[in-house]
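Engineer: Under the working numbering, the sequence shown has 262 at position 259, and the numbering climbs by one with no breaks.
For glycine and all other residues, C-beta sits at the position ideal for the given N, C-alpha and C.
Dumping the structure here so I can ask a few things about it.
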Amino acid sequence: MSIIPYGRQDITQADIDAVTEVLRSDFLTQGPVVPRFERAVAEYCGAKHAVAVNSATSALHIGCLALGLGSGDWLWTTPITFVASANCALYCGAQVDFVDIDPRSYNLSTDALEEKLKIAEREGRLPKVVVPVHLCGQPCEMERIHELGQRYGFAIIEDASHAVGGRYKDGPVGDCRFSDITVFSFHPVKIVTSAEGGMALTNDAALAERMALLRSHGVTRDPALMTHEADGPWYYQQIDLGFNYRMTELQGALGLSQLDRLDAYVARRHALARRYDTLLADLPVTIPWQHPDGYSGLHLYVVRIVRDRVGANHRDIFMALREQEIGVNLHYIPVHTQPYYQHMGFKTGDFPEAEAYYTEAISLPMYPTMSEEQQDRVVVSLERALSQ
């Protein structure tokens, strides 16, 4: 009996052919395919600009830099996310703080955000950037976050690493109606993959231009950006301190091919989620709640153990599932409890909703090629683990 992973990529012959075509072409990097991928994602999302990079972490970093985040500034995000959502501020020399989660959606709580902003305004430490994370693919309450941004003067980067293919208030996630920048991830376990890779979308031409510059060493061949006339056709200038964050043509080709199946993948995830909802209805777990304003990309299906209805503890249930070769995972360990962040002064008890979530959450396997037989096996194994 083989292990059922919590997520996995689906690579088709069309994907292989797309990558092979690039291997046989003149360009393995900095060719025509990545710009085609950027245009396709921007068009799908209804955004004006897209900047492809080698990871969503890189996209977060250059997004923060493009917004001018630096020493003396604050970035706020949720503690229930991968560490990259917070680390991007530290890369810029800024400081990080967190906003506790909503107990139903597990996203950043807009009520907690508003209360924290009121206090920060009095103390003179308002954030320059807020990074709401669309956990599991479910959009945050972006309209209210945008309203707070207008009131308190902070910029917004949507960390939509889980949410490509999702929708919010009848618009695609990534249209940047309620944010300055939206970031996607194309890691193999995400909804579509480019092996590794990410993308930053924006409707602001200046932000797009600056992110494009920063992803490639701060080097330009554009005469309009140079300090003087070019010495010749070979000439380039470094006008900023950038990074080697470029996406390769191979990654762009794979991502572009996968994009053709994005809607089908998300629809399949929803079908599996509905079936999980039914199969788990009588078990002592809390199934995911979906906000009526959003259509989740459903990157993850997270249940929470109802602790007063089970005898075993969270760890024992998790380990029992792993022993039955169910590749469950936990998304995520609260960032403020990581040793690196505790050395900065954060401590257990700072964000109680996030900490309660951590003691109960388990990500069950879900991916587009998952069969109903595999899903049945997950449910049977979970029932067994809960009853031990």
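1) Quick one: is Met250 buried, meaning 16 or more other Cβ sit within 10 Å of its Cβ, or exposed?
2) Which of helix, strand or coil does DSSP assign to Pro8?
3) Would you mind sorting Met347 into buried or exposed? The rule is 16 or more other CB atoms within 10 Å of its CB.
4) What does a CB cutoff of less than 8 Å around Arg312 pick up in its chain, not counting 5 residues either side in sequence?
5) Taking 7 Å as the cut-off, decide whether the C-beta atoms of Ala59 and Glu41 are in contact.
6) From Gly258 to Gln241, what does the alpha carbon distance come to, in whole angstroms?
7) Which of helix, strand or coil does DSSP assign to Tyr298?
8) For the beta strand (DSSP E) that Tyr304 lies in, which residues bound it at each end?
9) State the beta-bridge partners of Tyr171 as determined by DSSP.
10) Rounded to a whole number of angstroms, what is the C-alpha to C-alpha distance between Leu78 and Cys95?
11) If you draw a straight line from the alpha carbon of Gly358 to that of Thr340, how long is it in whole angstroms?
12) Between which two residues does the alpha helix (DSSP H) holding Gln254 run?
13) Please report the distance separating the alpha-carbon of Gln327 from that of Leu301.
14) Buried or exposed: where does Thr113 fall if 16 or more other Cβ atoms within 10 Å of its Cβ makes it buried?
15) How many Å lie between Tyr335 and Val136 at the Cα?
16) Check each candidate in Ile14, Gly10 and Tyr9 and name the one with the smallest Cα separation from Ser260.
17) Measuring alpha carbon to alpha carbon, tell me which of Ala227, Ala92 and Arg154 ends up nearest Gly73.
18) For a test of the three-state rule: what should DSSP assign to Ser384, helix, strand or coil?
19) Under three-state DSSP, which class holds Phe321?
20) Residues in the same chain with beta-carbon distance under 6 Å from Ser188, minus the five sequence neighbours each way, listed in chain order, please.
21) Can you check the stretch 71-107 for any beta strand (DSSP E) of at least 3 residues that lies completely inside it and give the ranges in chain order?
22) Alpha carbons only, please: which of Leu389, Arg107 and Gly235 is nearest the one belonging to Pro295?
23) Check this for me: beta carbons of Ala89 and Asp103, under 7 Å apart or not?
24) How would you label Arg272, buried or exposed, when you count the other beta carbons within 10 angstroms and need 16 or more for buried?
25) Can you name the start and end residues of the beta strand (DSSP E) that Asp162 belongs to?
26) At the level of alpha carbons, what is the spacing between Asp180 and Tyr238?
27) Is the separation between the beta-carbon of Leu210 and that of Val22 shorter than 7 Å?
28) Compare the beta carbon distance of Gly297 and Pro175 with 7 Å and say whether it is the shorter of the two.
29) Within the same chain, show all residues whose beta-carbon is closer than 7 Å to that of Pro8, passing over the 5 residues directly before and after it, in chain order.
30) So the beta strand (DSSP E) Val133 belongs to, where does it begin and stop?
31) Quick test of your reading: Gly168 and Val269, contact by CB under 8 Å. State the CB separation rounded to the nearest angstrom.
32) Within 10 angstroms of the Cβ of Ile19, are there 16 or more other Cβ atoms? Answer buried if so, exposed if not.
33) Mind checking who Thr372 pairs with in its DSSP beta bridge?
34) Let me check understanding here. Comparing Cα to Cα, which of Glu117, Gly71 and Arg325 lies closest to Ala158?
35) To which residues of the same chain is Asp105 closer than 6 Å at the C-beta, ignoring the five residues directly before and after it?
36) Comparing C-alpha positions only, which one of Pro337, Tyr360 and Glu356 sits nearest to Phe349?
Structural biologist: Here's the rundown:
1) buried
2) strand
3) exposed
4) Pro287
5) no
6) 29 Å
7) strand
8) Tyr304 to Ile308
9) Gly174 and Gly297
10) When only Cα atoms are considered, Leu78 and Cys95 end up about 10 Å apart.
11) In the sequence on display, residue 358 carries Glu and not Gly. Glu358 and Thr340: Cα-Cα distance of roughly 9 Å.
12) Glu252 to Leu262
13) Looking at the two C-alpha atoms, the distance is approximately 24 Å.
14) buried
15) Distance between Tyr335 and Val136, taken at the CA atoms: about 12 Å.
16) Ile14
17) Ala92
18) helix
19) Phe321 falls in the helix class under three-state DSSP.
20) Ala59, Ser164 and Gly201
21) Within the stretch 71-107, the beta strand (DSSP E) runs of at least 3 residues that lie entirely inside it are, in chain order, 77-80 and 98-101.
22) The residue from Leu389, Arg107 and Gly235 with its alpha-carbon nearest to that of Pro295 is Arg107.
23) In this structure, Asp103 does not lie closer than 7 Å to Ala89 by Cβ.
24) buried
25) Unbroken beta strand (DSSP E) run through Asp162: Ala158 to Asp162.
26) For the record, residue 180 in the displayed sequence is Arg; it is not Asp. Looking at the two C-alpha atoms, the distance is approximately 38 Å.
27) No, the Cβ-Cβ distance between Leu210 and Val22 is not below 7 Å.
28) no
29) Gly330 and Pro368
30) Val132 to Val134
31) 4 Å
32) exposed
33) Its beta-bridge partners do not exist; DSSP assigns none.
34) Nearest to Ala158 by C-alpha distance, out of Glu117, Gly71 and Arg325, is Gly71.
35) Ser112
36) For Phe349, the nearest C-alpha among the options comes from Pro337.
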